[in-house]
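Per our numbering, numbering of the sequence shown is gapless, rising by one per residue and ending at 181.
Just so it is clear, CB atoms sit at the ideal spot from N, CA and C, and this is done for glycine as well.
So the structure is just underneath, and the comments pick up after that.
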Amino acid sequence: MKMFGMDDAVAAGATLIDTVVKRVWPDATELEKIKLEQMSQALQAEWTNQLAQIEVNKVEAASSSLWVSGWRPFVGWVCGAALAYAALIEPIARFVAMVAFSYPGAFPVINTELTLQVLLGLLGLGWMRSSEKKAGVAGK
């Protein structure tokens, strides 16, 4: 029996209270499921991005253009040139300029800390790759 729509009001109030309670105090199992789904989606997105980057790297490595596939040699040459300048060219040029021309000024100094870190890192990776090829495990 309907009492002036009171049963509808009570049902609506109960639904409202149920909704508020579920939002304020969600079920722990349901909350964990939501977190797990969000983590799964984030991992899938990261996986997709990594696969796309691998494909880009393959295309770039296959290019014959020095500007696309030649960044490693470029970095090696820049680091090698900086090391050659700091260890050979600058000291010899400074000596010749001071002795032959009485040049009192200073020559530009290259901070070799960063360039040596990069150069030694590249040399180490190159050595590791060479030893992998020698052992026959490269690309496996």
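Three-state secondary structure assigned by DSSP to residue i
i: tyrosine 144; result: coil
i: isoleucine 130; result: helix
i: asparagine 98; result: helix
i: valine 137; result: helix
i: isoleucine 151; result: coil
i: serine 105; result: coil
Whole-angstrom C-beta distance between residue j and residue i, which should lie under 8 Å
i: valine 182; j: cysteine 120; result: Here the chain comprises residues numbered 42 to 181, so residue 182 is not present and cannot be evaluated.
i: threonine 156; j: alanine 125; result: Between alanine 125 and threonine 156 the Cβ distance is about 11 Å, and since that is not below 8 Å, they are no contact.
i: alanine 37; j: phenylalanine 148; result: The structure shown does not extend to residue 37, since the chain spans only 42 to 181, so no value can be given for it.
Extent of the continuous alpha helix (DSSP H) run through residue i
i: tryptophan 66; result: Premise fails: tryptophan 66 is in no alpha helix (DSSP H) and is neither H nor E.
i: glycine 177; result: Here glycine 177 belongs to no alpha helix (DSSP H), and DSSP marks it neither H nor E.
Member of the options whose CA lies at the smallest distance from the CA of residue i
i: leucine 164; options: Tyr144, Ala127, Arg113, Ile75; result: Arg113
i: glutamate 131; options: Asn152, Ala86, Val178, Glu78; result: Asn152
Contact test: residue i Cβ vs the ligand MN heavy atom, cutoff 6 Å
i: alanine 125; result: This structure lacks the ligand MN; in fact it carries no ligand of any kind.
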